[in-house]
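In the numbering used here, the protein residues as written are 102 to 392. Glycine included, each C-beta is placed from N, C-alpha and C at the ideal position. What you are looking at is a predicted structure, and each value in this text was computed from that prediction instead of being measured. Contents: one structure, followed by commentary.
Laid out in structure tokens, this is it:
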């Protein structure tokens, strides 16, 4: 499995995601978070820039790498964009940013989507040369799959021309087969960009399903059974062991380039980080590598 959990320069085995309001969880879990781990900071509509900046500063102080997510449709203006990113750079020195479209159907300002924001000169303005973009292996509820792939290719071409180092982080999901097929399709089309597969940390069933609905993730009965979820016990706490094992088996020894992981710690940062640390430890063991 030489393509999994690559430790090549600048590509840590996993990243994770937090909100501004939940940043204290990073402080509480700092003992189990490996030094230098990139931590994405969600751009939520019910948080303000001060919370995002403070989260980045806390992550930096804890010895991890802040990765601010910039929601294009939530930015009110070019000045709003520059005020936020300028403050982040000055106060937390992030090495990379993640650019997304964002949830609002109507933009709050001039940026209809992440393509428009990237094309606005934001990279040059703020000296950004490491960028994370989103992938949707199981599709998007509001965007056609063909359009998703065209947008992904546009961003990759644009960022390559800009001299940026790029990673793709996927939405979380439950269908391992769909994820493997999607990565294979990327590689067949000549896209060799490192991919981080989104995996949910341990959480109760009800919470997982709420987040799935929020993010538009497919939750058919057959997929949920494969994941090991029971609709009759929404308070049951479950981990993603089945999903993880299915991904490991599906990726196997295929030469699919650099593949890492992105943790969505829906059930808490410390529990999620402890869980993924244990899974990576098992995957790296001599017994696992000799299978």
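| Item | Value |
| --- | --- |
| Residue 383 - DSSP class collapsed to helix/strand/coil | helix |
| Cα-Cα separation between residue 214 and residue 369, rounded to whole angstroms | 30 Å |
| Check whether residue 203 and residue 178 have beta carbons under 8 Å apart | no |
| Among 196, 175, 164, the one whose alpha carbon lies nearest that of residue 146 | 175 |
| Cβ-based burial, residue 248 [other Cβ within 10 Å; buried from 16] | exposed |
| Residue 318 - DSSP class collapsed to helix/strand/coil | coil |
| Three-state secondary structure assigned by DSSP to residue 307 | helix |
| Proximity to residue 201 [Cα-Cα], best of 154, 263, 372, 234 | 234 |
| Whether residue 279 touches residue 238 by CB criterion (8 Å) | yes |
| 3-residue-minimum beta strand (DSSP E) runs that sit fully inside the segment 115 to 202, ordered along the chain | 115 to 119, 139 to 142, 166 to 172, 198 to 201 |
| Cβ-Cβ distance between residue 157 and residue 130 below 8 Å | no |
| Separation of residue 151 from residue 265, as counted between CA atoms | 27 Å |
| Residue 344 - DSSP class collapsed to helix/strand/coil | helix |
| Residues that DSSP places opposite residue 301 in a beta bridge | 365 |
| Terminal residues of the alpha helix (DSSP H) in which residue 247 lies | 246 to 262 |
| Helix, strand or coil at residue 270 according to DSSP, with G and I counted as helix | strand |
| Check whether residue 348 and residue 298 have beta carbons under 8 Å apart | yes |
| Proximity test, Cβ basis, 8 Å: residue 275 and chain E | Although the question refers to chain E, the structure presented lacks it and comprises just one protein chain. |
| Cβ-Cβ distance between residue 300 and residue 273 below 8 Å | yes |
| Boundaries (first-last residue) of the alpha helix (DSSP H) holding residue 289 | 277 to 289 |
| Spatial distance of residue 311 from residue 289 (CA atoms) | 34 Å |
| Beta-carbon proximity of residue 154 to residue 199, cut-off 8 Å | no |
| Own chain residues within Cβ distance below 8 Å of residue 257, not counting five before or after | 234, 267, 292, 294 |
| Rounded C-alpha distance that separates residue 114 from residue 136 | 12 Å |
| Exposure label - residue 373; buried when at least 16 CB within 10 Å | buried |
| Residue 168 to residue 121 span [Cα, whole Å] | 12 Å |
| Simplified DSSP state of residue 229, which is helix, strand or coil | coil |
| As assigned by DSSP and simplified to three states, the class of residue 235 | strand |
| DSSP three-state assignment for residue 360, whether helix, strand or coil | strand |
| Bridge partners - residue 339, DSSP secondary structure assignment | 304 |
| Close beta carbons around residue 196, own chain, < 7 Å, minus the five adjacent residues each side | 166, 231 |
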